[in-house]
Amino acid sequence: MTVAPTAYESFLNLPAIVLFLIVLVPGALIMWACIRFYRRQEVDQNSYPLASATLSIVGGAFIFIGAFSLVTSWDTQAKMVGAVTSEFTSVTSLAEDLGSIPGDTSKAIALSFADYARMVRDTEIGTAGVVGPNPEAQKALAVIERSVTALAESPGLTAHQVDNLYTHLESVKDARKERLMISVPNLPLSVNALLLVSAILTWVGVGLFPASRVRWFTYLYGGATVLVSSVLIVSVLTLQSPVSASDAAMKPVEMFLTSVSEGGANIDLNNPSSGASESPAPALPPQSSGQPLPGQPQPNQQQPGQSPGQP
Numbered sequence: 001m002t003v004a005p006t007a008y009e010s011f012l013n014l015p016a017i018v019l020f021l022i023v024l025v026p027g028a029l030i031m032w033a034c035i036r037f038y039r040r041q042e043v044d045q046n047s048y049p050l051a052s053a054t055l056s057i058v059g060g061a062f063i064f065i066g067a068f069s070l071v072t073s074w075d076t077q078a079k080m081v082g083a084v085t086s087e088f089t090s091v092t093s094l095a096e097d098l099g100s101i102p103g104d105t106s107k108a109i110a111l112s113f114a115d116y117a118r119m120v121r122d123t124e125i126g127t128a129g130v131v132g133p134n135p136e137a138q139k140a141l142a143v144i145e146r147s148v149t150a151l152a153e154s155p156g157l158t159a160h161q162v163d164n165l166y167t168h169l170e171s172v173k174d175a176r177k178e179r180l181m182i183s184v185p186n187l188p189l190s191v192n193a194l195l196l197v198s199a200i201l202t203w204v205g206v207g208l209f210p211a212s213r214v215r216w217f218t219y220l221y222g223g224a225t226v227l228v229s230s231v232l233i234v235s236v237l238t239l240q241s242p243v244s245a246s247d248a249a250m251k252p253v254e255m256f257l258t259s260v261s262e263g264g265a266n267i268d269l270n271n272p273s274s275g276a277s278e279s280p281a282p283a284l285p286p287q288s289s290g291q292p293l294p295g296q297p298q299p300n301q302q303q304p305g306q307s308p309g310q311p
């Protein structure tokens, strides 16, 4: 069961070029309108200090909010990748431990990790537009845990094998909990709205700033301001996108699935029984029912050339 993304998440999941145009076009129109309005007004030289101070405060607020949002989003995505990497490193170790244990049961448990990995990839790390827990994946891991516990308690395993099974299983569970505690998008809508408002105020302040009457210089300065601020805003929004988080966290999952399909855990996904190193059972000799097989002499039957009474 996949949870549908919210409107906020759907907006963040838009392609980066679409987000860039959504920010750039209104910003360019605001800048153009402010510059046009300013050019029709009388220039008051006494307004320079006040305009400069106002623009410094507004621009500084935009830079601070933008830098904070960018660093926070980047750090959250890095934590997401680290948690997924830790989880599937433990999954790989546990699958390899299971693959080294003879028998169909251990191979079946290891193979079920591939199904769990696909659930995580498709529903929990942002591929479907949402980052969050999937009850089906949680149930699959619970089934795996019970199976591993039953296998560890079965006879025939060494203490070292049992210890490795329990250690890696706990590592998988802990890493999964750590991953599910990470929230993507990590910034609330109010912070992104504040970033956008500070950007608009910066555009208005730059467009109305009484700096120069040279048309090309004013438009060049205003256009550069809109371009740079749009890139910053889109970078913040893209790093908060669940789909972007999925792209970054996908590699550890895909590496595990590739190692399984290539036999890294002694399993071939196309042939689940290939992991079991079983040889065909030797043919048993035919059971004797008291009757001789064809071609064998009957008891006490005289053979050709044999005299009576001769053994």
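Going letter by letter, the sequence shown gives residues 1 to 311 in this note's numbering.
C-beta: ideal position from N, C-alpha, C; glycine also.
Point to revise | Euclidean distance between Cα positions of His168 and Thr149 | key: Locating residue 168 in the sequence shown gives position 168, where the first residue counts as 1. Locating residue 149 in the sequence shown gives position 149, where the first residue counts as 1. For His168 and Thr149, the distance between alpha carbons rounds to 12 Å.
Exercise for review: Within its chain, find whatever has a CB closer than 8 Å to the CB of Asp97; leave out the 5 residues flanking it on each side and keep chain order.
Suggested key: Here residue 97 refers to the residue found at position 97 of the sequence shown. Cβ neighbours of Asp97 beyond the five flanking positions: Gln161, Asn164, Leu165 and His168.
Point to revise | Contact set for Gly264: own chain, Cβ-Cβ below 7 Å, skip 5 residues either direction | key: Walking along the sequence shown from the start, residue 264 turns up at place 264. Note that Gly264 has pLDDT 46, beneath the 50 cutoff, so the model's placement of it is unreliable and the number below is only indicative. Around Gly264: no qualifying Cβ.
Exercise for review: Rounded to whole angstroms, what's the CA-CA distance from Ala95 to Lys107? Just pull it up for me.
Suggested key: On the sequence shown, residue 95 is found 95 positions in, with the first residue counted as 1. On the sequence shown, residue 107 is found 107 positions in, with the first residue counted as 1. Computed Cα separation, rounded: 8 Å.
**Study point:** Contacting residues, own chain, Cβ-Cβ under 6 Å from Leu201 (five flanking each side not counted)
**Key:** By one-based count along the sequence shown, residue 201 stands at place 201. For Leu201, where only same-chain residues beyond five positions count, the Cβ hits under 6 Å are Val58.
Practice item. Jot down the residue ranges of each uninterrupted beta strand (DSSP E) in the stretch 117 to 161, minimum 3 residues, whole runs only, in chain order. Key: none
Exercise for review: Quick one: give me the first and last residue of the alpha helix (DSSP H) that Ala83 is part of.
Suggested key: Working through the sequence shown from its first residue, we reach residue 83 at position 83. Per DSSP, Ala83 belongs to the alpha helix (DSSP H) from Tyr48 to Gly99.
Practice item. Ignore the nearest five residues each way along the sequence and tell me which others in Ser230's own chain have a CB closer than 7 Å to its CB. Key: Here residue 230 corresponds to residue number 230 of the sequence shown, with the count starting at 1. Within the same chain, Ser230 has close Cβ partners Phe20, Val23, Leu24 and Gly27.
Check your understanding: Does the Cβ-Cβ distance between Phe11 and Pro252 come in under 8 Å?
Key -> Along the sequence shown, one-based indexing puts residue 11 at 11. Along the sequence shown, one-based indexing puts residue 252 at 252. Not in contact: Phe11 and Pro252 (Cβ atoms no closer than 8 Å).
Practice item. Select from Leu14, Thr6, Ala7 and Tyr8 the residue whose C-alpha is nearest the C-alpha of Ser244. Key: Taking the first residue of the sequence shown as 1, we reach residue 244 at position 244. Nearest of Leu14, Thr6, Ala7 and Tyr8 to Ser244, Cα basis: Leu14.
Point to revise | Residue interval of the alpha helix (DSSP H) (run including Ile182) | key: By 1-based counting over the sequence shown, the position of residue 182 is 182. Per DSSP, Ile182 belongs to no alpha helix (DSSP H) and is neither H nor E.
Exercise for review: Report buried or exposed for Trp216, applying the criterion of at least 16 other Cβ atoms within 10 angstroms of its Cβ.
Suggested key: Locating residue 216 in the sequence shown gives position 216, where the first residue counts as 1. The residue is exposed, with fewer than 16 neighbouring Cβ atoms inside 10 Å.
**Study point:** Where Pro15 sits in the DSSP three-state scheme
**Key:** By 1-based counting over the sequence shown, the position of residue 15 is 15. Coil, per DSSP.
Review point. What do you reckon, are the CB atoms on Leu232 and Gly66 nearer than 8 Å?
Key: Residue numbering aside, residue 232 sits at position 232 when the sequence shown is read from its first letter. Residue numbering aside, residue 66 sits at position 66 when the sequence shown is read from its first letter. The answer is yes: Cβ separation under 8 Å.
Exercise for review: Keeping to the same chain, check which residues put their C-beta closer than 6 Å to that of Ala249; ignore five residues upstream and five downstream.
Suggested key: Here residue 249 refers to the residue found at position 249 when the sequence shown is read from its first residue. So the qualifying residues of the chain are Met80, Val81, Val84 and Ile125.
Review point. Is it true that the CB of Met119 sits closer than 8 Å to the CB of Glu145?
Key: To locate residue 145, count along the sequence shown from 1; it is residue 145. To locate residue 119, count along the sequence shown from 1; it is residue 119. Their beta carbons are not under 8 Å apart, which means Glu145 does not touch Met119 by this criterion.
Check your understanding: Assuming Gly129 and Glu9 make a contact with CB atoms under 8 Å, what is their CB distance in whole Å?
Key -> Residue mapping note: residue 129 aligns to position 129 of the sequence shown, counting from 1. Residue mapping note: residue 9 aligns to position 9 of the sequence shown, counting from 1. Correct: roughly 6 Å between the Cβ atoms.
Exercise for review: Might you give, ordered along the chain, the residues of its own chain that have their beta carbon closer than 8 Å to the beta carbon of Ile182, omitting 5 neighbours on each side?
Suggested key: Residue 182 sits at position 182 when you count from the first residue of the sequence shown. Only Thr76, Lys79, Met80, Ala83 and Val131 meet the Cβ criterion.
Point to revise | 7 Å Cβ shell around Phe209 - same chain, five flanking residues per side excluded | key: The count along the sequence shown starts at 1 and reaches residue 209 at position 209. Same-chain partners within the cutoff: Ala51 and Leu55.
Check your understanding: So, is the C-beta of Val131 closer than 8 Å to a C-beta in chain B?
Key -> Annotation note: the requested chain B is absent from the structure, which comprises a single protein chain.
Review point. Which of helix, strand or coil does DSSP assign to Ala224?
Key: Numbered from 1 along the sequence shown, position 224 holds the residue referred to as residue 224. Three-state result, Ala224: helix.
Exercise for review: Rank Ala7, Tyr38 and Ser259 by C-alpha distance to the C-alpha of Gly205 and give the top, closest one.
Suggested key: Here residue 205 refers to the residue found at position 205 when the sequence shown is read from its first residue. Taking only the C-alpha atoms, the option nearest Gly205 is Tyr38.
Exercise for review: Starting from Phe209, trace the alpha helix (DSSP H) both ways and give me its first and last residue.
Suggested key: Position 209 of the sequence shown holds residue 209. Run containing Phe209: none; DSSP gives neither H nor E here.
Check your understanding: From Asp115 to Pro102, what does the alpha carbon distance come to, in whole angstroms?
Key -> Sequence index remark: in the sequence shown, residue 115 carries index 115 (1-based). Sequence index remark: in the sequence shown, residue 102 carries index 102 (1-based). Rounded to whole angstroms, Asp115 to Pro102 spans 21 Å at the Cα level.
Review point. Which same chain residues, not among the five before or five after Glu178, have their C-beta less than 6 Å away from its C-beta?
Key: To locate residue 178, count along the sequence shown from 1; it is residue 178. The answer, listed in chain order, is Ala83.
Check your understanding: Roughly how many angstroms separate the alpha carbons of Arg121 and Met31, rounded to a whole number?
Key -> The sequence position of residue 121 within the sequence shown is 121, counting from 1. The sequence position of residue 31 within the sequence shown is 31, counting from 1. If you take the alpha carbons of Arg121 and Met31, they lie about 43 Å apart.
Point to revise | Coil, strand or helix - Leu194 by DSSP | key: Along the sequence shown, read from residue 1 onward, the residue named residue 194 stands at position 194. Here Leu194 sits in helix by DSSP.
Check your understanding: Between Trp203 and Pro185, what straight-line distance do the alpha-carbon atoms span, to the nearest angstrom?
Key -> Counting from one through the sequence shown, the residue named residue 203 turns up at place 203. Counting from one through the sequence shown, the residue named residue 185 turns up at place 185. Roughly 26 Å separates the two Cα atoms.
Review point. What is the rounded straight-line gap between the Cα of Pro5 and the Cα of Ser235?
Key: On the sequence shown, residue 5 is found 5 positions in, with the first residue counted as 1. On the sequence shown, residue 235 is found 235 positions in, with the first residue counted as 1. Going by the C-alpha atoms only, they are around 20 Å apart.
Practice item. Taking the CB atoms as reference points, tell me whether Val91 and Ala117 lie closer together than 8 Å. Key: Stepping through the sequence shown from its first residue, residue 91 is reached at position 91. Stepping through the sequence shown from its first residue, residue 117 is reached at position 117. Contact: yes.
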